[in-house]
Amino acid sequence: MIRSKLRRLRFEKEEREGRRLTYEALQEETGLASNTLARLLKPEPIDRIDGQTLSVLCRYFECGVGDVLEYVPDEQPQGAAA
């Protein structure tokens, strides 16, 4: 499964810049839709993400794609085929 690391990036940017990065500020400064940000800020796995969205986040947080997303192997029930 793929998970967003946007919450961590947001926290690190707040620490680096010494300011609170509100949801509204994040929306305004990135230009991303509120539903897109809401989906990426949740800890649940994400099904898909647009390439343009990734580009915007990488530019805004000055990072690479691997800093925005992480792969977490699905847990398979014991005895299940790989």
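Heads up, the sequence shown is in our numbering, so the first residue is 93 and it goes up one at a time.
We put the CB at the ideal spot given by N, CA and C, even for glycine.
Source: prediction; values computed, not measured.
State the Cα-Cα distance for the pair residue i and residue j, rounded to the nearest angstrom.
i	j	result
residue 129	residue 120	11 Å
residue 179	residue 95	Coverage of the chain is limited to positions 93 through 174, which leaves residue 179 absent and any answer about it impossible.
residue 150	residue 165	23 Å
residue 132	residue 155	16 Å
residue 148	residue 125	12 Å
residue 105	residue 116	15 Å
Under the three-state reduction of DSSP, which class applies to residue i: helix, strand or coil?
i	result
residue 98	helix
residue 161	strand
Out of the options, which has the shortest C-alpha to C-alpha gap to residue i?
i	options	result
residue 160	126, 125, 143	143
residue 141	152, 153, 157	157
What are the boundary residues of the alpha helix (DSSP H) that residue i is part of?
i	result
residue 150	143 to 153
Assign residue i to buried or exposed, taking buried as 16 or more other Cβ atoms, counted over all protein chains shown, within 10 Å of its Cβ.
i	result
residue 153	buried
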